[in-house]
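In terms of the working numbering, the numbers along the sequence shown are unbroken and rise by one, the last being 450.
Cβ atoms here follow ideal geometry from the backbone N, Cα and C, with glycine treated the same way.
Please read these numbers as outputs of a predicted model, since none were measured by experiment.
Beneath this line is the structure, given in structure tokens, with notes to follow.
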Amino acid sequence: MYIDKDCINRFPSLWMETSTEADVSVPLDSDATAEIAIIGEGFTGLCCAISLAEARRDVVLVDGGGPGWGGSGRNSGAVIRGFKMGRTALSAKFGDTGDAMFEFGARNADMLYSLVERFGIDCQLRKTGWVLPAHNNAGMKIVQERYSTWLKDGISGVDLLDRQQTAEALGSEAYVGGLIDRACGVLQPFAYARGLARAAKSLGVRVYGKTRVTSKTRMGDRWHLHTPAGRITAKTVVIATDAWTGGLEPRVADRMLSTHSQIVATEPLPARIADTILPNGPCASDSRRILLYWNKTPDNRIVFGTRGKVDGPTSDIDFSHVEKAMTDIYPALQGAAITHRWGGKIGLTRDFMPRILQPEPDLWTAHGYSGRGVAMGTAFGLLLGEAIAAGNSIDTLPVPVGPAPDLPPKITHRAGIVATTIWYRLLDRWM
Ligand SMILES: Cc1cc2nc3c(=O)[nH]c(=O)nc-3n(C[C@H](O)[C@H](O)[C@H](O)COP(=O)(O)OP(=O)(O)OC[C@H]3O[C@@H](n4cnc5c(N)ncnc54)[C@H](O)[C@@H]3O)c2cc1C
20 MYIDKDCINR FPSLWMETST EADVSVPLDS DATAEIAIIG EGFTGLCCAI
70 SLAEARRDVV LVDGGGPGWG GSGRNSGAVI RGFKMGRTAL SAKFGDTGDA
120 MFEFGARNAD MLYSLVERFG IDCQLRKTGW VLPAHNNAGM KIVQERYSTW
170 LKDGISGVDL LDRQQTAEAL GSEAYVGGLI DRACGVLQPF AYARGLARAA
220 KSLGVRVYGK TRVTSKTRMG DRWHLHTPAG RITAKTVVIA TDAWTGGLEP
270 RVADRMLSTH SQIVATEPLP ARIADTILPN GPCASDSRRI LLYWNKTPDN
320 RIVFGTRGKV DGPTSDIDFS HVEKAMTDIY PALQGAAITH RWGGKIGLTR
370 DFMPRILQPE PDLWTAHGYS GRGVAMGTAF GLLLGEAIAA GNSIDTLPVP
420 VGPAPDLPPK ITHRAGIVAT TIWYRLLDRW M
């Protein structure tokens with residue numbers, strides 16, 4: 020079973036240890052019936068459940084782990100707004116809906132902030148911005164292009180930073196310049212997921228954890244979700260399993276690549292070091308193709324991540340490249356104890372754009388955030404819930420809909436990811 024084999028068992032995250040939001044899920048212990056059953060208690064499934072419950076729908080949530088067991092509880096917590104593409108690029112790719120998509124994406128962080136406030140979620144949310152530093156002149160060109168695109172697109176709260184300003188924002192001389200988006204933020208992701216589950220439960224959603232769906236079948240106008248503990252029967256099913264979808268829904272899994280991203284966390288640092296790193300508390304992720312990302316926790320730990328092994332870490336040595344990248348940027352962290360190492364799967368689509376898909380009537384899925392699912396998973400989940408409750412057609416949604424672009428044959432995926440990662444890391448050294 021996928022839970023038993025996952026790297027999180029050997030490498031528990033800092034977030035699991037420090038969440039002040041409790042787990043409200045209970046294992047399923049008998050058959051259950053609902054109007055809508057959602058598989059997956061990450062941001063997508065949880066937010067979908069909240070918006071359905073607010074529309075007075077009868078909802079069951081089920082997860083093989085529990086709230087935040089997947090990517091949602093393991094990420095670095097960076098709340099980055101928007102799609103990766105600007106307004107013009109979205110319109111060129113998606114036609115008439117491009118404009119509405121851009122506006123929807125630009126609001127995704129606000130949707131998250133509003134949920135945290137409305138339900139009093141204790142997840143250390145800091146609206147301290149996101150710095151995108153340029154690792155070299157080629158990276159700076161990309162950063163400048165992105166800045167100009169955003170200005171043209173009418174996005175406010177973004178400033179270009181010169182070398183000195185970037186060094187001051189990061190507390191590191193390693194970058195040639197960058198930008199800051201002040202509308203972004205950072206949070207404790209596992210606590211956010213658990214808080215969402217608490218909110219869903221308070222609205223009447225039944226939240227089942229430690230209950231894996233082994234298969235789904237359709238009989239007439241009802242879906243049956245089979246689990247070792249009983250059968251869940253529902254009219255509508257939402258699959259919110261992202262990178263862990265596997266055989267549950269090949270129409271999703273076959274169009275996603277997955278690889279692990281890995282994170283380390285230092286011990287709480289003494290103030291004389293901590294105060295020099297990210298002094299104003301933004302999160303950061305840089306312009307590399309294989310990007311480095313990091314932030315500082317309220318108790319002065321540095322949480323630092325980058326791409327890891329395709330199949331996940333198996334020993335501490337698998338994190339040495341993460342630790343080296345961190346001390347290259349912050350030499351003052353040489354010798355700081357690493358207290359936590361962990362990893363999780365990222366679900367990538369070929370165009371790095373997420374999708375909402377309706378493979379058949381009364382079956383929905385949202386997935387493929389390609390490393391940017393904290394704000395976007397929240398927004399997609401809410402949107403999907405609203406659409407199901409209102410009976411809206413998928414074609415009216417202001418997001419990419421339908422199957423993600425085709426991928427090369429599955430047998431080539433693993434080798435392709437390994438080769439591309441090596442090649443991109445080489446390119447990142449020179450350009
Ligand atoms: C290490 C790491 C760092 C990241 N950093 C960031 C970041 O800083 N900012 C950002 O925006 N994004 C980041 N991401 C991406 C982000 O975390 C994901 O895009 C997002 O959490 C996906 O949410 P989700 O709800 O769609 O899926 P998930 O949170 O992955 O949830 C899927 C759930 O489905 C459940 N499931 C799967 N199969 C079954 C089954 N058969 N039966 C029952 N349950 C099942 C799993 O147990 C899991 O809990 C990161 C991801 C990782 C792994």
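Asked                                                                                                                             : Found
Alpha-carbon spacing of Leu151 relative to Ala202, whole angstroms                                                                : 13 Å
Any non-hydrogen atom of ligand 1 closer than 7 Å to Asn28 Cβ                                                                     : no
beta-carbon Glu268 near ligand 3 non-hydrogen atom, thresh 7 Å                                                                    : You won't find ligand 3 in this model; what it holds is ligand 1.
Ligand 1 heavy atom lying under 7 Å from the CB of Val341                                                                         : no
Residue span of the alpha helix (DSSP H) that contains Phe209, given as start and end                                             : 208–221
Nearest-angstrom Cβ-Cβ length linking Gly204 and Val98, presumed shorter than 8 Å                                                 : 4 Å
Assigned exposure category for Thr230 - 16 Cβ within 10 Å defines buried                                                          : buried
For Ile57, the residue or residues it bridges with in DSSP                                                                        : Leu80, Val257
Contacts around Leu367, its chain only, beta-carbon distance under 8 Å, and the 5 residues preceding and following it disregarded : Met275, Leu276, Ser277, Thr278, Gly387, Ser389, Gly390
Cβ neighbour criterion (16 or more within 10 Å) applied to Ser412                                                                 : exposed
Where Val283 sits in the DSSP three-state scheme                                                                                  : strand
Near ligand 1: Lys235 beta-carbon under 7 Å from a heavy atom                                                                     : no
Val322: first and last residue of the uninterrupted beta strand (DSSP E) it sits in                                               : 321–326
Check: Ile251 C-beta below 7 Å from any heavy atom of ligand 1                                                                    : no
Nearest-angstrom Cβ-Cβ length linking Val257 and His359, presumed shorter than 8 Å                                                : Not quite, the Cβ-Cβ distance comes to about 32 Å (not below 8 Å), so this is no contact.
Proximity test, Tyr227 beta-carbon vs ligand 1 heavy atom, cut-off 7 Å                                                            : no
Pro247: first and last residue of the uninterrupted alpha helix (DSSP H) it sits in                                               : No alpha helix (DSSP H) holds Pro247; DSSP gives it neither H nor E.
Residues near Arg182 by beta carbon distance below 6 Å, same chain, minus five either side                                        : Val195, Gly196
The alpha helix (DSSP H) enclosing Arg444, as first and last residue numbers                                                      : 432–449
Close beta carbons around Gly5, own chain, < 6 Å, minus the five adjacent residues each side                                      : Missing from the structure shown is residue 5; the chain here goes from 20 to 450 and no further.
Inter-residue spacing [alpha-carbon to alpha-carbon] between Ala467 and Arg369                                                    : Nothing about residue 467 can be read from this structure; the chain reaches only from 20 to 450.
Beta carbon proximity, Arg291 to chain B, threshold 8 Å                                                                           : Included in the structure is just one protein chain, with no chain B present.
Cα-Cα separation between Thr333 and Gly89, rounded to whole angstroms                                                             : 18 Å
Leu311 - DSSP class collapsed to helix/strand/coil                                                                                : coil
Whole runs of the alpha helix (DSSP H) within the segment 123–207, excluding any shorter than 4 residues                          : 127–137, 156–171, 182–189
Three-way DSSP call (helix, strand, coil) for Lys235 in this model                                                                : strand
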